[in-house]
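Working notes, structure below.
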Amino acid sequence: MGEVAEKAGVSIGSLYQYFPDKAAIIRTLAERYNAQGRACIKAELETVRDMAGLHIAFGQLIDTYYGMFLAEPVMRDIWSGTQADKGLRDIDLADSRANGAVLADALARLRPETYEAME
Numbered sequence: 008m009g010e011v012a013e014k015a016g017v018s019i020g021s022l023y024q025y026f027p028d029k030a031a032i033i034r035t036l037a038e039r040y041n042a043q044g045r046a047c048i049k050a051e052l053e054t055v056r057d058m059a060g061l062h063i064a065f066g067q068l069i070d071t072y073y074g075m076f077l078a079e080p081v082m083r084d085i086w087s088g089t090q091a092d093k094g095l096r097d098i099d100l101a102d103s104r105a106n107g108a109v110l111a112d113a114l115a116r117l118r119p120e121t122y123e124a125m126e
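Under my numbering, the letters of the sequence shown match residues 8 to 126, in that order.
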């Protein structure tokens, strides 16, 4: 935590006031990046009206995520940090489920008959 405080240019006391441990820092950063990712996925899939559009949207999302990881290499470290801690893995799981729900909504728009048969 001392190294984090030093790199952030804040006192260790100030850092502990907001973040009781490293997991809290990782959690905050993961939640921020996950929210950006969910917004990106939602925005891209909202415009999908057919399967060809879904294919294009997925390609664009891959490019967007690749660009995000290039621009913010720390995202890889944050993801690794979430995988190393059980409590933080739950954040990643919840994010994956939220993204899956966005995809399911898009698929239900494209193939409503499939989803009606499942109910």
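For glycine and all other residues, C-beta sits at the position ideal for the given N, C-alpha and C.
One alpha carbon belongs to Phe-26, the other to Ala-46, and they sit about 26 Å apart.
Scanning Asp-57, Arg-34 and Ser-21 for the CA closest to the CA of Gly-88 turns up Arg-34. Distances from the CA of Ala-78 to each of Tyr-40, Glu-10 and Ser-103 were compared; the closest alpha carbon is that of Tyr-40. Under the DSSP assignment, Phe-76 falls in the alpha helix (DSSP H) whose first and last residues are 58 to 78. Rounded to the nearest whole angstrom, the CA to CA distance from Ile-19 to Glu-13 is 8 Å.
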